[in-house]
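The structure appears below as C-alpha cells.
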Amino acid sequence: MSKFNTKTTEKPKTFFEKKWVAIGLIILVSAIIYSSSLNAPFIFDDEAKIVNNPDIKEIKNIKTKLIYPQGEHKTFERNDPSRPVTYLTFTLNYYFGKLNIIGYHLVNIFLHVCVSILIFFLTRKIIVYTYGKCTNIFPFFVALFFASHPINTIVVSYVFNRSGELAAFFYILSLLLFTKTFEKGKKFYVFSLLCFILGIFSKQDAITLPAILLIFDYIFLSNFELAKVIKKKYYHLSYWVIIVIFLLFRYFYLGTIGDADAGGTLFWNHYTYFVIQPYVILRYLKFLFIPKGLCFDHYLNPAESIFEFKIMISVLFVLLILVATWLFYRRKTNISKIFLFSILWFFITISPTSSFFPTTTAMAENRLYLPGYGFYFIIVSVYFLIFRVNPDRQLELSGISTHKRLLNSFLIFLLGVHIIVLCIATVKRNRLYQNPALLWEEVISMYPSNYRATQNASNLYNELGNSLRGRGEYIRAVQEYQKALELKPDSAEIHYNLGLAYYEQRIFDRAIQEFKRTIEINPNHSEAHNNLGTLYFNRGEYDNTFQEYQKAVKINPDYAQAHNNLGILYYYQKEYRKALQEFQIVLMLKPYDQDAKDKIEDLKKRFLDNK
22 MSKFNTKTTE KPKTFFEKKW VAIGLIILVS AIIYSSSLNA PFIFDDEAKI
72 VNNPDIKEIK NIKTKLIYPQ GEHKTFERND PSRPVTYLTF TLNYYFGKLN
122 IIGYHLVNIF LHVCVSILIF FLTRKIIVYT YGKCTNIFPF FVALFFASHP
172 INTIVVSYVF NRSGELAAFF YILSLLLFTK TFEKGKKFYV FSLLCFILGI
222 FSKQDAITLP AILLIFDYIF LSNFELAKVI KKKYYHLSYW VIIVIFLLFR
272 YFYLGTIGDA DAGGTLFWNH YTYFVIQPYV ILRYLKFLFI PKGLCFDHYL
322 NPAESIFEFK IMISVLFVLL ILVATWLFYR RKTNISKIFL FSILWFFITI
372 SPTSSFFPTT TAMAENRLYL PGYGFYFIIV SVYFLIFRVN PDRQLELSGI
422 STHKRLLNSF LIFLLGVHII VLCIATVKRN RLYQNPALLW EEVISMYPSN
472 YRATQNASNL YNELGNSLRG RGEYIRAVQE YQKALELKPD SAEIHYNLGL
522 AYYEQRIFDR AIQEFKRTIE INPNHSEAHN NLGTLYFNRG EYDNTFQEYQ
572 KAVKINPDYA QAHNNLGILY YYQKEYRKAL QEFQIVLMLK PYDQDAKDKI
622 EDLKKRFLDN K
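The numbering used here applies: residue 22 is where the sequence shown begins, and numbers increase by one.
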C-alpha cells in the first residue's frame, strides 16, 4: 500500500502555519466563546433526561440501565437505550459532580474542542490526498468556522444534545483511522471499527459513516478508480455488516428502528415529511451562510401541496446543487474533488433526518453539527479561490511581490473578520441559554403557534414569579405572572399564584378576582377555595366563607389548613362542638400540630366542660 507524505516541504513562514499554534488557537477561541454558557441552567429535555432521570444517579447495575428493551418500564425520564454511550457520560457526570451544571457544560465544551481539532486533521488529510501536500492555514480556518459558528450552540450549550458531539467525534476519528489503515497498517482498522460502533451507540445518525468511507475512498484514496475501491471491498464490508447487526439489534431488542424516545410524530407522515425536506435543506443552508433566524425549536407545518411556491423553489435549488455535484464529478480537478466531497458529505450526513422517514420535528438546528463541516470546507475554499490561492499553499507575507502580499493579507483579514463575526454571534446566542424564558420567547416570536414553546415559556415565567414571591419581591413576581398569563391565559395555577402575590401585598380585591378566576378554570382547586374563604372571612362575609371552606374540605378531605380555617369560623359563630371536630381532624392529619392541640384543650376547658 502506498504511503502519503503528510509533511510539507516548504518551511512555514507565518505564525499560523505552526500546527501547535493552530490547535492552540482553536482551543482558545472555543473556550472563550463558550465560557459564558458554563452557568446556563438545565433546560427542556435536560430536566427529564438528567435532572429527574434515576438511571444516571446510581452507577450500580449500570449495564441494565444503559441498554434495556424499550418496552420495559417505558417512561421519558429514563436513559434512551439506543444511546448508551451518551448516557454513560451523563452517569459519570453525576457520579463526580451530582447536578453541578458546570461539570456538564465543561464536558460539552471539551467535546466540541476535540471535534474541532479532528476537523483540522481531517481537512489537512484531504488536502494532502488532493494536492500531495498541505500547510496548516487552510485546515485551521475550516476548523475555526466549525468551532465558532453559532448554529452549533444548540449542541454545545444544550447539555442533552451531547449525543451529537459524541457521534461526530467517533465518526471523524473512525474516518481518520480508516485512512491510517492504508498508510500505517491494519492495526488502525480495528480501532476505526470500534469508533464506528461507539458512534452509532452515541447517536444513530453516525450510521451514514460507511457511505462516507466509500465516497472518501473513491475520490481521494482511489482517485476515481473504482477498481481500487473494489480491491478494498472487505475493509468496507465490515462497516456495512455492523449496520445490519445494529439495525437488527434495535428492531428485535429495543423494539424500534427509529428514535427509541421519539413517540408520535404529531403532524408528519412519510409523504408530508419528505415533501417539506427540500425547504428544510434550503433553510439549513441559509442558517449556515447567514446565521440569522436561529431558534431553539423550529416549528413547521406540513406543506399543503408539493406545488407550493416555497416547496417548488426549494426543489429547484436542491436540483441545481445536484447538477453542480455532477459537474464537479465530471471535471475531476483538485478543487472539484473538494467541492464534490463537501456537497456529498452534507447530503449524506443530513440524510437520516432529512429523508422520507419522519421524526417528531421536521427541522432542528442540532442536526447540522456534523453536516455543517461540508459547508465550512466550501466557504474557506471559495475564499481561497477568489484570491487565487490553492488550499495547499502557504500565505506568505514576505519574499513575494507587493501585490501578492496585499492579496494574502486581505485574504487573512477577511477570513479573520468572518470568524470574529461568527464568534460574536455565538457569544450573543449563548446569553439566551442563561435565561431559558428568553430562549422560548424567541421561539414564540418566530413561531407564535408553537405550543411547546408557549408552554415552556409560560412555565418558566411562572416559576420565576414563584421564586420572586418567595423572596418577598411581590411587584416583580406579579409582572412575571402576568407574562405567563399572556401565553397561557387559562392556566388555573398561574392565576392562583398571581392571587397569592396580590394577597401578600394586601391588594385583596385583586386577589379575590384571581382566586375566582382560578376556580372558574378549575372548580376542584381546593387551595383557591380555601384562600377565597379566608378573604371573605376578613371582610365579614361569613356565609361565603363557610361555602368556600366547605368546598375546600369536600374536594380534599385531608386538607388540614382548610379544616383549621373551618374550625375557626365555627368558633366565631359559637358552634364550639363543630369547631372541636374540625380541630380534631387537623390533629389527626397533623399529629404534631401544637396549635391544634392548644385549640382543642382551650375549647374543652372553656366551653364544653361547662355544658
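For every residue, glycine included, the Cβ atom is placed at its ideal position computed from N, Cα and C.
- Query: When you compare only the Cα positions, how much space is there between LYS618 and ASN585?
  - Reply: Rounded to the nearest angstrom, the two C-alpha atoms are 12 Å apart.
- Message: Here's the rule I'm using: 16 or more other beta-carbon atoms within 10 Å means buried, otherwise exposed. How should GLU98 be labelled?
- Response: The residue is exposed, with fewer than 16 neighbouring Cβ atoms inside 10 Å.
- Proximity to GLU548 [Cα-Cα], best of ALA573, LEU432, ASP564 and ASN565: Looking at the Cα atoms, ALA573 is the closest of the given residues.
- Message: Please classify THR156 as buried or exposed, where buried requires at least 16 other C-beta atoms within 10 Å of its C-beta.
- Response: The residue in question, THR156, is buried, as its Cβ has 16 or more Cβ neighbours within 10 Å.
- Item | Local Cβ density within 10 Å of ILE206, reported as buried at 16 or more and exposed below that | Before going on, a small fix: residue 206 reads as Gly here, not Ile. It counts as exposed.
- Got a sec? Which residues, its chain only, sit under 7 Å from ILE175 by beta carbon, not counting five neighbours each side? Closer than 7 Å at the Cβ level, and outside the excluded window around ILE175, lie ASN182, PHE317, GLU386 and ASN387.
- Hey, LEU435 and TYR468 are a contact pair by Cβ (cut 8 Å); roughly how many whole angstroms apart? The Cβ separation is near 34 Å, so there is no contact.
- Query: GLU596: which of ASP616, ASN471, MET333 and PHE567 sits nearest, CA to CA?
  - Reply: The residue among ASP616, ASN471, MET333 and PHE567 with its C-alpha nearest the C-alpha of GLU596 is PHE567.
- Task: Determine the contact status of PHE190 and LEU139, defining contact as a CB-CB distance below 8 Å.
- Result: Their beta carbons are under 8 Å apart, which means PHE190 touches LEU139 by this criterion.
- Message: In whole angstroms, give me the CA-to-CA distance for ASN543 and GLU494.
- Response: Cα to Cα, ASN543 sits roughly 27 Å from GLU494.
- Task: Grab the span of the alpha helix (DSSP H) containing ASN129 for me, first residue to last.
- Result: Counting along the chain, the unbroken alpha helix (DSSP H) around ASN129 starts and ends at 122-152.
- When we look at the beta-carbon of ARG271 and count the other beta-carbons within 10 Å, is it buried (16 or more) or exposed? Buried, because 16 or more other Cβ atoms sit within 10 Å of the Cβ of ARG271.
- Task: Starting from CYS216, trace the alpha helix (DSSP H) both ways and give me its first and last residue.
- Result: From DSSP, the alpha helix (DSSP H) with CYS216 extends over 208-221.
- Just the Cα atoms here: how many angstroms apart are LEU506 and ILE122? Taking the Cα positions, LEU506 is about 30 Å away from ILE122.
- Item | Three-state class that DSSP yields for THR354 in the structure shown | The DSSP-derived three-state label of THR354 is coil.
- Between the CA atoms of ALA581 and LEU309 - distance to the nearest angstrom: Here the alpha carbon of LEU309 sits roughly 59 Å from the alpha carbon of ALA581.
- Contact belief for THR202 with TYR256 at Cβ below 8 Å, rounded distance in angstroms: Correct: roughly 7 Å between the Cβ atoms.
- Item | Selected residue, minimal CA-CA separation from LYS307, among PHE295, TYR292, PHE338 and THR293 | The candidate whose alpha carbon is nearest that of LYS307 is PHE338.
- Task: Quick one: using the 10 Å Cβ neighbour count with 16 as the cut-off for buried, is LEU365 buried or exposed?
- Result: Buried.
- Item | Contiguous alpha helix (DSSP H) assignments of at least 4 residues, all confined to the stretch 307-375 | As far as the stretch 307-375 is concerned, its whole alpha helix (DSSP H) runs of at least 4 residues are 330-352 and 355-371.
- Query: By Cβ distance, which residues of its chain are closer than 8 Å to ILE332, with the 5 residues on each side in sequence left out?
  - Reply: If we look at ILE332 and ignore the five residues flanking it on each side, its Cβ neighbours are VAL296, ILE297, PRO299, TYR300, ALA324 and SER326.
- Classification of GLU79 by the beta-carbon crowding that lies within 10 angstroms, buried from 16 upward: For GLU79, the number of other beta carbons within 10 angstroms of its own is below 16, and it is reported as exposed.
- Query: Hey, how far is the Cα of ASN429 from the Cα of ARG414?
  - Reply: Going by the C-alpha atoms only, they are around 11 Å apart.
- Using the C-alpha atoms, what's the distance from TYR523 back to PHE628? Here the alpha carbon of PHE628 sits roughly 38 Å from the alpha carbon of TYR523.
- Element boundaries [alpha helix (DSSP H), containing GLY588]: Note, GLY588: alpha helix (DSSP H), 581-593.
- Task: Taking ARG409 as part of the alpha helix (DSSP H), name the residues at either end of that continuous run.
- Result: Bounds of any alpha helix (DSSP H) do not take in ARG409, whose DSSP letter is neither H nor E.
- Cβ-Cβ distance between PHE161 and ALA345 below 8 Å: Taking 8 Å as the Cβ cut-off, PHE161 and ALA345 do not qualify as a contacting pair.
- Which runs of the alpha helix (DSSP H), 4 residues or longer, sit entirely within the stretch 220-300? Taking 4 residues as the minimum length, the alpha helix (DSSP H) runs contained wholly in the stretch 220-300 are 230-237, 247-252 and 254-270, in order along the chain.
- Item | For PHE245, the nearest candidate out of PHE267, THR354 and TYR592 (CA to CA) | Here the closest residue by C-alpha is THR354.
- Can you give me the start and stop residues for the alpha helix (DSSP H) that ILE175 sits inside? Unbroken alpha helix (DSSP H) run through ILE175: 174-177.
- Item | Buried or exposed by the 16-neighbour rule on C-beta atoms within 10 Å, applied to TRP289 | TRP289 is classed as buried because its beta carbon has at least 16 other beta carbons within 10 Å across all chains shown.
- In angstroms, rounded to a whole number, what distance separates the CA positions of GLY588 and ASN545? Taking C-alpha positions only, GLY588 is separated from ASN545 by approximately 21 Å.
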